[in-house]
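Number of protein chains: 2
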Amino acid sequence: MKTLSIKDIALKANVSITTVSFIINGKAKEKAISDAVIKKVQKIIKESGYKPNQLARSLRTGNSNIIGLIVEDISNSFFSSIARLIEDKAYKKGYKIIYSSTENKIEKTKELISLFKNRKVDAYIISPIKGIEEDIQDLLNDNKPVILFDRNLPNINTSYVGANHFSASYQAVESFIKDGKQNIALVTTDIDVQQIVERFEGYKKSIIDHGLPYQDGLVLNIPFSQEEATTIKQIKELLQNRTIDAVLFATNYLAISGLKALKELEKKINESFSVIGYDDHEAFELHSPSISTIQQPLEEIAEAIIQLILAQLAAKTKLPEQQVVIPAKLIIRN
Amino acid sequence: MKTLSIKDIALKANVSITTVSFIINGKAKEKAISDAVIKKVQKIIKESGYKPNQLARSLRTGNSNIIGLIVEDISNSFFSSIARLIEDKAYKKGYKIIYSSTENKIEKTKELISLFKNRKVDAYIISPIKGIEEDIQDLLNDNKPVILFDRNLPNINTSYVGANHFSASYQAVESFIKDGKQNIALVTTDIDVQQIVERFEGYKKSIIDHGLPYQDGLVLNIPFSQEEATTIKQIKELLQNRTIDAVLFATNYLAISGLKALKELEKKINESFSVIGYDDHEAFELHSPSISTIQQPLEEIAEAIIQLILAQLAAKTKLPEQQVVIPAKLIIRN
DNA sequence: CTGAAAGCGCTTACAG
DNA sequence: CTGAAAGCGCTTACAG
């Protein structure tokens, strides 16, 4: 069961490995290999089930037809959905995707980039955190295409795809206010990334623009890696200690924790108490009542990312960077 | 920014690449390299940030320190949790995991195996489907460790880790009956894998053992790749056309569709109508009322898998295969 | 129309 | 105690 090499095929076909290589790589015509030889070699390849060793190919050519996808947490449905869409689209162009989660840890992210680099990944799609600017710059200096998404990094000159979180959370708060809500809380996370900061700023600006007082005490910052039990406890405390008639959750998993807190408090969502979540989650629609949410158009985001990356991969020279900002939509469910 | 090779290090250190290689691979002592040389070379490696090219290393040694994980759907929380646990454990032993989803498609699964083979993956963890027996046998003949999990394949002689689904669904039905339920439905999927068949058989046997009539019409087989909207429609029809006072769902995503169907029908879960799900889902606990469920002990399963795979990887000879069956637990929530 | 040969970056048996 | 050389399986510039 020794696995076959190009040499074995060349031997069987009684031609040189050069000829076999040209045929495998679709360069037969260009190299003017005779039809008879092409047919013969293809037949032998087919019959023997020979598959070129990708490792050797990558080692020689320096590229791998692999795109690396680095996200916060691949088990979060926002990221897994994007990953799935990108994978499908990339596959059709002959690229495979390998992905991994950073868990918002700088060290882990650096290791991942280094690992992918070592495996000669052709291009990178990264949902970044602060502290890895240098590593990304190295990639760029190395002429590797890098697309940032979901979060931008101010000092990096590369393309970015993401939603407009400022205006999304501005609108969410506005919809609360139109419903007559006065004391609107925000439950968010403490990670210092643009996308999260924007959600806070949209919240704050909307409150102020509509003539309500901004209250620091209504904003709860949850540490990212905190145990969920602690998060639930903190949300319960917020809800018990303050007069609150509406809550905006800045991420889907915070909203889930929030719903658990409400359940434990036996506090109902109704005309006098509203909730809006972020991104989507299977539990939102199923919940009684269904949970309204700010949704990012996943398909559009995935499409924009893959377009940019394929364009850069196909180009010989560096393309001008683009900032693609896609509006998020407020979905009101009742 | 040319990336460094072992040659560059050898040059800088003024030694041969052989010596550098020995030092990198921890064979310096064994090869009796002098301490002075070791220190010097290590210093240069550190300062230059040199990382060995894994592709070249794999090409030469024939192994990659990568374990391939092939599951039905990585975005299902059962599989993503297992993947996460395995990843952590493997990482500590110097192995990386790459994973991908089969979506229960034979062709896609074959392609994945072939892809992983091409990338010289050292070992395989597979949640299999029928129709890939030959491909797995090829792997085994090639002396690659393969662990099957979640589902077994009768004619393959390799280790397996999974839960006892027969007794789990037997118990679930028993608990319905003890609660006075008489007309118990099963919503399951049509994929022909042992794990799903067992769930059906446990259901049927439990009904018969407790003196109830088994009714074919109370078992709904949902095609795996069917649109969710259709699934919800079929579940609604079942519930409307039949007298049913309890439903066992054979997978977590079917339970979610079932809950959506109940919501659309405005049918409440209460003393006279019960539901049990399978595996877990964030929405189960959050639901009002919370949904009882059959849970597989993820940590134990992951632990068993990784133990078996690491043992086989460390062994020079083929280890005897083991069938590890772990009991699933019925979690009653109210 | 086709092939011999160099080289990608490593590891390792062999020699000294 | 250390190194020269072969070889893993490919691709491609060059030659004819």
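Protein chains in written order, with my numbering: chain B, 428 to 761; chain L, 428 to 761. Positions of the beta carbon are idealized from the N, C-alpha and C atoms, including for glycine. Predicted model only: the values in this text are computed from it and were never measured.
Along the length of the segment 556-608 of chain L, whole alpha helix (DSSP H) runs at least 4 residues long occupy 560-568, 592-605, reported in chain order. Under the Cβ criterion of 8 Å, leucine 567 of chain L is not counted among the residues facing chain B. Within the segment 495-569 of chain L, the complete alpha helix (DSSP H) segments of 4 residues or longer fall at 504-519, 533-545, 560-568, listed in chain order. In the DSSP annotation of this structure, the continuous segment of the alpha helix (DSSP H) that includes glutamine 622 of chain B starts and ends at 621-636. Short of 8 Å from the beta carbon of phenylalanine 576 of chain L, and not among the five residues preceding or following it, lie these beta carbons of its own chain, in chain order: Ile509, Ile552, Ile553, Ser554, Tyr587, Val588, Gly589, Ile728, Ile732. If you check the CB distance, arginine 626 of chain B and leucine 482 of chain L do not come in under 8 Å. Counting C-beta atoms within 10 angstroms of its own C-beta, isoleucine 533 of chain L has fewer than 16 neighbours from the protein chains shown and is therefore classed as exposed.
Chain L places no beta carbon closer than 8 Å to that of arginine 578 of chain B, leaving this residue out of the contacts.
Using a Cβ-Cβ cut-off of 8 Å, serine 684 of chain B does not count as an interface residue toward chain L, since no Cβ of chain L sits closer than that to its own. Under the DSSP assignment, lysine 756 of chain B falls in the beta strand (DSSP E) whose first and last residues are 756-758. About 5 Å separates the beta carbon of valine 674 of chain B from that of alanine 612 of chain B, a gap short enough to meet the 8 Å contact definition. Contact residues of the segment 465-482 of chain B toward chain L are Lys478, Asn480, Gln481, Leu482 (C-beta to C-beta distance below 7 Å). Per the coordinates, the alpha-carbon of tyrosine 630 of chain B lies some 50 Å from the alpha-carbon of lysine 537 of chain L. For phenylalanine 676 of chain L, the beta-bridge partners assigned by DSSP are L/Val614. Per DSSP, the unbroken alpha helix (DSSP H) holding leucine 735 of chain B starts and ends at 725-741. Among the residues facing chain B, asparagine 584 of chain L is not included, as its CB has no counterpart in that chain under 8 Å away. The shortest CA-to-CA distance from lysine 608 of chain B to any of B/Leu647, B/Thr616, B/Asp672 is the one to B/Asp672.
Close to glutamate 530 of chain L, with beta-carbon spacing below 7 Å, lies no residue of chain B; the smallest spacing is near 10 Å.
Listed by position along chain B, the residues whose Cβ is nearer than 7 Å to that of alanine 710 of chain L are Glu709, Ala710, Leu713. Arginine 511 of chain L belongs to the set of residues whose beta carbon lies under 8 Å from a beta carbon in chain B.
When C-beta distances to chain B are compared with 9 Å, the residues of the segment 545-562 of chain L below that value are Asn545, Arg546, Lys547, in chain order.
The continuous beta strand (DSSP E) containing threonine 720 of chain B extends over residues 719-722.
Counted as a single uninterrupted DSSP element, the beta strand (DSSP E) harbouring asparagine 648 of chain L occupies residues 646-649. Interface with chain B (8 Å Cβ-Cβ cutoff): isoleucine 525 of chain L is included.
Put simply, the CB of serine 541 of chain B is near chain L, with a gap under 8 Å to one of its CB atoms. Serine 701 of chain B is outside the set of residues whose beta carbon lies under 8 Å from a beta carbon in chain L. Annotation: the continuous alpha helix (DSSP H) that includes valine 447 of chain L extends over 444-451.
Along the segment 665-698 of chain B, the positions whose C-beta sits under 7 Å from a C-beta of chain L are Ile683, Leu686, Lys687, Lys690, read in chain order. Taking the Cα positions, alanine 459 of chain B is about 21 Å away from lysine 473 of chain B. Counting every other CB atom within 10 Å of its CB across the protein chains shown gives asparagine 679 of chain B a total of 16 or more, marking it as buried. In the DSSP assignment, the residues bridged to asparagine 697 of chain L are L/Phe700.
Counting of Cβ neighbours within 10 angstroms places alanine 741 of chain B among the exposed residues, the total staying below 16.
The beta-carbon separation of isoleucine 493 of chain B and tyrosine 522 of chain B, rounded to 7 Å, stays under the 8 Å limit for a contact. In this structure, glutamine 734 of chain B keeps its C-beta atom at 8 Å or more from the C-beta atom of isoleucine 758 of chain B. The beta carbon of glutamine 621 of chain L sits closer than 6 Å to those of Arg578, Asn579, all from its chain and outside the five residues before and after it, given in chain order.
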